[in-house]
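So for the sequence shown, the working numbering puts the first residue at 1267; every next one is plus one.
For each residue, glycine too, the CB sits at the ideal point set by N, CA and C.
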Amino acid sequence: MAATLRAMGHTALNPAENPAPPCGSWQAYMRQAITQLVQCQSIVLRPGWADSKGAGLEFDIAMRLGLTMHRFEDVVQKPETLFI
1267 MAATLRAMGH TALNPAENPA PPCGSWQAYM RQAITQLVQC QSIVLRPGWA
1317 DSKGAGLEFD IAMRLGLTMH RFEDVVQKPE TLFI
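Below, the structure is given as structure tokens:
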């Protein structure tokens, strides 16, 4: 997904690409992801995101920050809907 967004000319911060934190805990991974999230103007939700505890937390934070939400399928079908 990140590669597709980058190929479309967008900057994509992907928590799955982060290096493993020294302790390797879920909480440490989430600290990295949240640090990235607060730098964003919008988020793109991949299919199945609601089944992920981490993605759910990121969604909640993004909502509270007033970030724009996009579904990945919509962005691919209609790229002009995403302005980052």
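> To the nearest angstrom, how far is it from the Cα of K1344 to the Cα of M1296?
Replying inline: Going by the C-alpha atoms only, they are around 30 Å apart.
> Looking only at its own chain, which residues have a Cβ that is under 6 Å from the Cβ of L1311, when we skip the five neighbours before and after it?
Replying inline: R1337
>> Tell me the residue span of the beta strand (DSSP E) that contains M1335.
In response: T1334 to R1337
> If you draw a straight line from the alpha carbon of M1329 to that of G1322, how long is it in whole angstroms?
Replying inline: 11 Å
> Out of G1290, A1268, L1331 and K1319, which has the shortest C-alpha to C-alpha gap to Q1307?
Replying inline: Minimum Cα distance to Q1307 is reached at L1331.
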